[in-house]
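Here's the structure we're looking at; comments come further down.
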Amino acid sequence: DTAVSQTPKYLVTQMGNDKSIKCEQNLGHDTMYWYKQDSKKFLKIMFSYNNKELIINETVPNRFSPKSPDKAHLNLHINSLELGDSAVYFCASSLDRGRSEQYFGPGTRLTVT
Amino acid sequence: AQSVTQLGSHVSVSEGALVLLRCNYSSSVPPYLFWYVQYPNQGLQLLLKYTSAATLVKGINGFEAEFKKSETSFHLTKPSAHMSDAAEYFCAVANTGRRALTFGSGTRLQVQP
Numbered sequence: 001d002t003a004v005s006q007t008p009k010y011l012v013t014q015m016g017n018d019k020s021i022k023c024e025q026n027l028g029h030d031t032m033y034w035y036k037q038d039s040k041k042f043l044k045i046m047f048s049y050n051n052k053e054l055i056i057n058e059t060v061p062n063r064f065s066p067k068s069p070d071k072a073h074l075n076l077h078i079n080s081l082e083l084g085d086s087a088v089y090f091c092a093s094s095l096d097r098g099r100s101e102q103y104f105g106p107g108t109r110l111t112v113t
Numbered sequence: 114a115q116s117v118t119q120l121g122s123h124v125s126v127s128e129g130a131l132v133l134l135r136c137n138y139s140s141s142v143p144p145y146l147f148w149y150v151q152y153p154n155q156g157l158q159l160l161l162k163y164t165s166a167a168t169l170v171k172g173i174n175g176f177e178a179e180f181k182k183s184e185t186s187f188h189l190t191k192p193s194a195h196m197s198d199a200a201e202y203f204c205a206v207a208n209t210g211r212r213a214l215t216f217g218s219g220t221r222l223q224v225q226p
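Chains as they are written, first to last, in my numbering: chain Y, 1 to 113; chain B, 114 to 226.
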């Protein structure tokens, strides 16, 4: 049973399109995250939700909008995709907002052409 | 804010040799520190974590790390490298203010036969 799952695993699309990435966790965790990993493998937090409430919103373009329908799901919608959005996006979850370890999904490789 | 620095973007060892991956942290409060491993085209997997209970932390796959406050270090070691250890390794610190992980830039471990 996959703890943190993401769909799709690969996403290839053209500039200007709108796309979504879905994430689900079955660990019963309260907090979920979106991270972006660039081509140099650098990982950076984008958003965090705790019990469906947005608690971290880094300096991310408004084209990126997270949505948490319930505490087991955190989706990422991206409008008007740009070449620079190409990256691997990871979803993660943790037990609480504190300093507990995070569990990561397998990632979604987004390629914008 | 807390941060981590990983020294050496690439480390190459022979199979059976000692693995040493370096991580230094910066934190004004007692840090929570983590090591994650990322195999090619996969998500991040937790290797071990330090939460101030014991300075020597044992993780999965024979890895361990020692927290040294005087050196602000949390280096990852394994006595004998195996080919399957080849991967990208990330050190991370739990950012108490933002409740997210701040990652180092990663170290790619190569294991030569």
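Where a beta carbon is used, it is the ideal one built from N, C-alpha and C, also for glycine.
DSSP, read as helix, strand or coil, puts Leu76 (chain Y) in strand. Under the 7 Å criterion on CB atoms, Glu24 (chain Y) is classed as non-interfacial with respect to chain B. Within the region 135–147 of chain B, the residues whose Cβ lies closer than 8 Å to some Cβ of chain Y are Tyr145, Phe147, listed in chain order. Within chain Y, the residues whose beta carbon sits less than 7 Å from that of Ala207 (chain B) are Arg99, listed in sequence order.
Excluding its 5 nearest sequence neighbours in each direction, Val150 (chain B) has C-beta neighbours in its own chain below 6 Å: Gln158, Leu160, Ala200, Tyr202, listed in chain order.
By the Cβ test, the region 24–34 of chain Y is in contact with the region 65–76 of chain Y, since at least three Cβ pairs between them sit closer than 8 Å. When DSSP reads this structure, Asp198 (chain B) sits in no beta bridge, so it has no partner. Setting aside the 5 residues that flank it on each side, Val132 (chain B) is surrounded in the same chain by Val126, Thr190, Lys191, Ala194, Asp198, Leu222, each with a C-beta closer than 7 Å to its C-beta; the list follows chain order. Closer than 7 Å to the CB of Lys162 (chain B) there is at least one CB belonging to chain Y.
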